[in-house]
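**Student:** Protein sequences, first through last, are from chains A and B. Per our numbering, residue 575 is the first one in the first sequence, and the count goes up by one each step. Per our numbering, residue 17 is the first one in the second sequence, and the count goes up by one each step.
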Amino acid sequence: MLISNFWAISALFAGLISVGAAVWFYRWVQRQDAGSEKAQEVASWIRQGARTYLQRLYLALTVVSIGLGIIIAIVFGFDIENLGTGAAALAPGRGFSMALAFVAGAICSAVAGYMGMSIAVEANVRSATAAQESLSQAFKVAFYAGSVMGLAMVGLAVIGMSVIYLLTGDPEIILGFSFGASALALLAKAGGGIYTKTADIAADLVGKVEIGIPEDDPRNPAVVADNVGDNVGDVAGMGADVFDSYVASTVAAMLLGASLFAADPGLQVRHVLFPLMLCTLGIVASLIGIQFVRVEEGGRPGRALNSGTIITCTIFAALTAAVVLLGGYNVGLLWATLAGLITGVVIGFTSDYYTSARFRPVLETARVSSSGAAINIITGFSYGLVSIVPSIVGISAATLLAYYLTELAGIDGIYGVGVSAVGMLSISGMIVSSDAYGPIVDNARGIAEMAGMSQEVIDTTDVLDAAGNTAKAITKGFAISAAALTVLALFAAYAEVIEARGVELVISLRNPVVVVGVLLGAVTPPLFSALTMLSVTENAFDMIEEVRRQFEERPGILAGTELPDYDACVALAAQGALGSLVGPALLAVALPLVIGFVLGPEALGGFLGGSIFTGVIFALFMSNAGGLWDNAKKYIEAGQFGGPGSDAHRASVVGDTVGDPFKDTAGPSLNTLITVMSLVASLFAPIIAAFHLF
Amino acid sequence: MTRDVRVYLSLMPEALIASMLTPEEFGVYYAVGTEKKARGQALFIEVDPQFRHDYFRIEEGMRRCVPHEDGSPKASIYISVYRVVEHVPLNAMGKLYLVTQDGRVLGLEAADELPEVTNGFHLYQEIAPVHPMVVSSLGPQGFYELIVKNPEILIRLPAICFAELRLGNLAEDPEHGEVGDLPYSRIEHLRQCLMALARKTVDAKMVNRTAPATFSYRTIQSGIFVGNEEGLTFFPLPPVETLRAEHYRWWRSAWSA
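1. So is glutamine 706(A) in contact with chain B if we call contact Cβ pairs under 8 Å?
2. Can you tell me whether tyrosine 1140(A) is buried or exposed? The criterion is at least 16 other CB atoms within 10 Å of its CB, across all chains shown.
3. If you follow the alpha helix (DSSP H) that glutamate 1070(A) is part of, which residue opens it and which one closes it?
4. For glycine 863(A) and threonine 886(A), which I take to be in contact (beta-carbon distance under 8 Å), what is that distance rounded to the nearest angstrom?
5. Along the chain, where does the alpha helix (DSSP H) that runs through lysine 1208(A) open and close?
6. Can you check which of these residues, His84(B), Arg55(B) and Ile95(B), is closest to valine 63(B) by C-alpha distance?
7. Taking 6 Å as the limit between beta carbons, can you name the residues of its chain near asparagine 904(A), skipping five residues before and five after?
8. Nearest to alanine 1010(A) by alpha carbon, out of Ala613(A), Ile640(A) and Tyr718(A)?
9. Answer with yes or no whether the minimum CB distance from glutamine 117(B) to chain A is below 8 Å.
10. If we count Cβ pairs, one from each stretch, closer than 8 Å, do we get three or more for the segment 1086-1093 of chain A versus the segment 985-1001 of chain A?
11. Determine the chain B residues that contact serine 860(A) at a beta-carbon separation under 7 Å, and present them in chain order.
12. For arginine 234(B), I'd like the list of residues in its chain whose CB is within less than 7 Å of its CB, leaving aside the five on either flank, ordered along the chain.
13. Tell me which residues of the segment 783-794 of chain A have at least one Cβ-Cβ distance to chain B shorter than 8 Å, keeping chain order.
14. Let me check understanding here. Comparing Cα to Cα, which of Ser610(A), Trp581(A) and Arg668(A) lies closest to alanine 1022(A)?
15. For serine 639(A), count neighbouring C-beta atoms within 10 Å of its own C-beta (all shown protein chains included) and say buried if the count is 16 or more, exposed if not.
16. Serine 592(A) to glutamate 194(B), Cα distance in whole Å?
17. Are leucine 1155(A) and leucine 761(A) touching if we call contact CB-CB under 8 Å?
18. Shortest alpha-carbon distance to leucine 879(A) belongs to which of Glu1073(A), Leu1178(A) and Ser721(A)?
19. Is the distance from the Cβ of valine 242(B) to the Cβ of methionine 109(B) below 8 Å?
20. Identify each residue in the segment 179-190 of chain B for which the Cβ-Cβ distance to at least one residue of chain A is less than 7 Å, and report them in chain order.
21. In chain order, what residues of the same chain have a beta carbon less than 6 Å from the beta carbon of valine 115(B), not counting five sequence neighbours either side?
22. Looking at chain B, which residues of the segment 1008-1033 of chain A have a Cβ within less than 7 Å of any of its Cβ atoms?
23. I'd like to confirm the pairing. Which residues does DSSP put opposite leucine 180(B) in its beta bridges?
24. Rounded to the nearest angstrom, what separates asparagine 1198(A) and aspartate 926(A) at their Cα positions?
25. In chain B, which residues lie with their C-beta within 7 Å of the C-beta of aspartate 1221(A)?
26. Using a Cβ cut-off of 7 Å, which residues of the segment 251-269 of chain B contact any Cβ in chain A, in chain order?
27. Using DSSP bridges, identify the partner residues of glutamate 62(B).
28. Residues of chain A with CB under 9 Å from lysine 198(B), in chain order?
29. If leucine 749(A) and leucine 642(A) are in contact, beta carbons under 8 Å, what's the gap, nearest whole angstrom?
30. Could you check if proline 839(A) is buried or exposed, using at least 16 other CB atoms within 10 Å of its CB as the buried criterion?
31. Quick one: give me the first and last residue of the beta strand (DSSP E) that glutamate 191(B) is part of.
32. Can you pull the chain B neighbours of alanine 1133(A), defined as C-beta to C-beta under 8 Å?
33. Which residues in the same chain have their Cβ closer than 7 Å to the Cβ of valine 1031(A), if we skip the five residues on either side of it in sequence?
34. Do three or more CB pairs link the segment 1029-1045 of chain A to the segment 820-836 of chain A at distances below 8 Å?
35. Does the distance from the CB of glutamate 191(B) to the CB of valine 101(B) come in under 8 Å?
36. Please report how far the alpha carbon of leucine 631(A) lies from the alpha carbon of alanine 796(A), in whole angstroms.
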């Protein structure tokens, strides 16, 4: 038992070490100088706003978790194997386990998000304060704080999965854990995305465009909500998103291992635990890689973050090769892992090409902006569409390589696809650490500005911030690609679960029910995007009115003689974001069930396929186009093509505003949407197999 | 606490105003601090409170400038709104203040000397009493003399306030020079005006007859000039490095607009 579960136990220990390291980093950051009273006051506004939002979010999640947990306990409290046979037997233990796993998944994701965000709103002011001393120290504070999110996320995910496996030995129960994490991710990512862009757009349109005050000016009533939004969207939201994909990819591969190797119990255990082994090695590699991320005085933070990623990948690849070769695993699994890992990194850097001001797409979009907003939008839109191609080619290559290399090595290729998704996500600890660094230094820059710190401090935080933007772009590309491979694996797992119940799953486009499923699936991501973006515009409209009202009724705000009412904007953003989640959340959870129970498992298969294809395409397009418009504007603001106040700048501001909800609300939320829908399908597959109209 | 009554010469728009506010307070008030939504960029000069001229009823304006019933200082009493600059002598003018549209105030001292004339063409934004944008082959002194002192053209002004704006590479190479961070609208038209100037015998050519008096402070080449028949005064804008280091708030507001 102990030997057969070696990797599950190892994963548990690796998870505990990872969480322990996160706690150590948390305390280290807390011990750093929190700066002047003024800086601490500004930071406290952001901290309070962030915590208020998270408390409301988690309250909503508690209600959802209890409701869905009860439903899961009841539904899975029946012996599914006998459903529809007229001899339904009760299996309350399984239902209870599944419900507990669901709640545990949500709690683990919430705790990781809370830890990450709690330290982010402590680290921002400490990083700004450290910037008075040196770039190196300011970077260290921000990156170590980001590591709290990265390490807590992978640690808690692995602890949750390994404990459930050790207690139940059933990967299908871990599916409940994954669904819990996905439910939270959907609320956190979509809610955070709506929050952050509501505040950002209102702050920019009234503060910058109408009144003419600079970015992060403390006189802007929406400035605190804007800074809070960076944390709820990019720390808690992105963390929950990657947590969701990380767990979902692992459980999908575990499920495939359980079903494809069912004939040989010994092989089955090895292949069920192989994904957990990869997670363990990924944690070890991330813990080592993080130690290499440092910047000397005058150095480049972006280069340090990239080096950390490359070093982590190299260590992970070496460890995996050693374990596969020495542990007697099929070498095809090594190739599948490496295919996923390399593709993830390459796609991440491809995103950088389409969103960085060093390359043609952004430069060209900036150049044509002098011809007006329409040309800016058409150009950015077009490059956004082109940007889909390399990622899709990469995902296709990873899928084919993983499939055929494992087939050639004598293992079912679909298991290789599942393993490649885990391989890609195995270094999530490092990736999320770099990503969470971004909003921390963004906030640090805002605090330096609002607290009236010196020009040198602002210059230093500017340098840190630029690297954060690149890390953010890379993580988005990585997260979307990882989600794509994950849902492909989940799709295969869904098919395995259905076929294991004796239902032959033929997903043919000659079957009209499948065609209807594909079409409905294809339309879901655009509809979801529309709902979230309309929420942004509706909430931003309310906040714009509030900001205008404050400026008009209280001239002392602009005169600098009285403080704005920051809380009013924070409350509006929080209420708006959470209130807007009902429609998109229902769509994600209810639609696959309706399709499955009404049109049947084949239509649901088509539905998942359709949603995966448009979901990945829309996610890549929106994230890259939004990033491209944003950086085209920043490039012009840096003094090109007329600089601030020029016709080109005005056009680029329009493009950036259009792109804001693309890149930070709808685009990244689509990862979670397709993962949630695939998980719902896989989770309820046995019941759908038994009960469906068509 | 009693407050002195001060007199300000607003250049944008042209007006003479009595106020109980200090120049910094007046700048904030003038740009943003009113509920009447009369917001926007402002330029004004502090005038010697002892200055008197038959054209203005300054005494009466100052007498009416008393605190409000709640004790708060009176922000503004308009003394005159027409043909003001020409009636204020240069020696009555104190510091010139540049106020951004969000109310950041920068005071400029008058310099003893005019700036060195740079090579190539020059771009001027006239601020008062009229405010077209003009390109010229003449330096600021020459341009002032052309308009006020010894006009060889039909148009003559009794006084003028103008800013010399940056032309960057266009100053010497109108046809191919890079625009860089110059935020002017219709750059092609600006190039054509400069090329026409190169071909013709005239010294100045109007670029934009409907230009508002407002302009981006970051485009200022050397500073602001105020001239009348007595002479020309120059208010130099400090180098950008100095502005950023010593007047960060103003610099950030002015450079992001």
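Where a beta carbon is used, it is the ideal one built from N, C-alpha and C, also for glycine.
**Tutor:** Considering the structure as presented:
1. Stepping through the first sequence from its first residue, residue 706(A) is reached at position 132. Closer than 8 Å: no.
2. The residue labelled residue 1140(A) in the question sits at position 566 within the first sequence. With 16 or more other Cβ atoms within 10 Å, it is buried.
3. Mapped onto the first sequence, residue 1070(A) falls at position 496. Residue range 1029-1074 is occupied by the alpha helix (DSSP H) that includes glutamate 1070(A).
4. Here residue 863(A) is taken as the residue at index 289 of the first sequence, counted from 1. Here residue 886(A) is taken as the residue at index 312 of the first sequence, counted from 1. With a Cβ gap of about 3 Å, glycine 863(A) and threonine 886(A) count as contacting.
5. The sequence position of residue 1208(A) within the first sequence is 634, counting from 1. Note, lysine 1208(A): alpha helix (DSSP H), 1175-1211.
6. Residue 63(B) sits at position 47 when you count from the first residue of the second sequence. Valine 63(B) has its Cα closest to that of Ile95(B), out of His84(B), Arg55(B) and Ile95(B).
7. Numbered from 1 along the first sequence, position 330 holds the residue referred to as residue 904(A). Taken in chain order, the residues that qualify are Ala983 and Ile985.
8. Here residue 1010(A) is taken as the residue at index 436 of the first sequence, counted from 1. Distance check between alanine 1010(A) and each of Ala613(A), Ile640(A) and Tyr718(A) places Tyr718(A) closest, using alpha-carbon atoms only.
9. As a position in the second sequence, residue 117(B) is number 101, starting the count at 1. Closer than 8 Å: yes.
10. Touching, no.
11. The sequence position of residue 860(A) within the first sequence is 286, counting from 1. Per Cβ cutoff of 7 Å: no residues; serine 860(A) is ~39 Å from chain B at best.
12. Taking the first residue of the second sequence as 1, we reach residue 234(B) at position 218. Around arginine 234(B): Ala270 and Trp271.
13. Of all residues in the segment 783-794 of chain A, Ile785, Gly786, Ile787, Pro788, Glu789, Asp791 and Arg793 have a Cβ within less than 8 Å of some Cβ in chain B.
14. What you label residue 1022(A) is simply residue 448 of the first sequence in a count that begins at 1. For the residues Ser610(A), Trp581(A) and Arg668(A), the minimum Cα distance to alanine 1022(A) belongs to Ser610(A).
15. Within the first sequence, numbered from 1, the residue matching residue 639(A) stands at position 65. Serine 639(A) counts as buried, since no fewer than 16 other beta carbons sit within 10 angstroms of its beta carbon.
16. Along the first sequence, read from residue 1 onward, the residue named residue 592(A) stands at position 18. Along the second sequence, read from residue 1 onward, the residue named residue 194(B) stands at position 178. Rounded to whole angstroms, serine 592(A) to glutamate 194(B) spans 54 Å at the Cα level.
17. If you number the first sequence from 1, residue 1155(A) lands on position 581. If you number the first sequence from 1, residue 761(A) lands on position 187. Yes.
18. Position 305 of the first sequence, counting from 1, holds the residue named residue 879(A). With distances taken between Cα atoms, leucine 879(A) lies closest to Ser721(A).
19. Looking up residue 242(B) in the second sequence gives position 226. Looking up residue 109(B) in the second sequence gives position 93. Closer than 8 Å, so yes.
20. Identification of residues in the segment 179-190 of chain B having a C-beta nearer than 7 Å to some C-beta of chain A yields an empty set.
21. Here residue 115(B) corresponds to residue number 99 of the second sequence, with the count starting at 1. In its chain, beyond the 5 residues on either side, Gly43, Ala47, Ala58 and Val121 have a beta carbon closer than 6 Å to the beta carbon of valine 115(B).
22. Within the segment 1008-1033 of chain A, the residues whose Cβ lies closer than 7 Å to some Cβ of chain B are Gln1029, listed in chain order.
23. Your numbering for residue 180(B) matches position 164 in the second sequence. Reading the sequence as shown, one finds glutamate at residue 180(B) and not leucine. Checking the DSSP bridge columns, you'll see glutamate 180(B) partnered with Tyr140(B).
24. By one-based count along the first sequence, residue 1198(A) stands at place 624. By one-based count along the first sequence, residue 926(A) stands at place 352. Going by the C-alpha atoms only, they are around 9 Å apart.
25. Along the first sequence, one-based indexing puts residue 1221(A) at 647. Near aspartate 1221(A) (Cβ distances below 7 Å), the residues of chain B are Ser201.
26. Shown in chain order are the members of the segment 251-269 of chain B whose Cβ falls below 7 Å from a Cβ of chain A: Arg260, Ala261, Tyr264, Arg268 and Ser269.
27. Indexing the second sequence from 1 puts residue 62(B) at position 46. Its beta-bridge partners are Tyr24(B).
28. In the second sequence, residue 198(B) corresponds to position 182, counting from 1. Residue identity check: residue 198(B) is leucine in the sequence provided, not lysine. Within 9 Å Cβ-Cβ: Gly1216, Gly1217 and Ser1220.
29. Taking the first residue of the first sequence as position 1, residue 749(A) is located at position 175. Taking the first residue of the first sequence as position 1, residue 642(A) is located at position 68. Between leucine 749(A) and leucine 642(A) a beta carbon distance of about 14 Å is seen, past the 8 Å cut, so the two are scored as non-contacting.
30. Locating residue 839(A) in the first sequence gives position 265, counting from the first residue. The residue is exposed, with fewer than 16 neighbouring Cβ atoms inside 10 Å.
31. The residue you call residue 191(B) lines up with position 175 of the second sequence. First-last for glutamate 191(B): undefined, no H or E at that position.
32. For the purposes of this step, residue 1133(A) is taken as residue 559 along the first sequence, with counting starting at 1. Near alanine 1133(A) (Cβ distances below 8 Å), the residues of chain B are Val44, Tyr45, Val48, Gly49 and Gly119.
33. Position 457 of the first sequence, counted from the first residue, corresponds to residue 1031(A). Here the set comprises Ala702, Ala705, Gln706 and Ala1022.
34. Because the criterion of three Cβ pairs below 8 Å is not met, the segment 1029-1045 of chain A and the segment 820-836 of chain A do not touch.
35. Against the second sequence, residue 191(B) aligns to sequence position 175. Against the second sequence, residue 101(B) aligns to sequence position 85. In this structure, valine 101(B) does not lie closer than 8 Å to glutamate 191(B) by Cβ.
36. The count along the first sequence starts at 1 and reaches residue 631(A) at position 57. The count along the first sequence starts at 1 and reaches residue 796(A) at position 222. Distance between the alpha carbons of leucine 631(A) and alanine 796(A) is about 20 Å.
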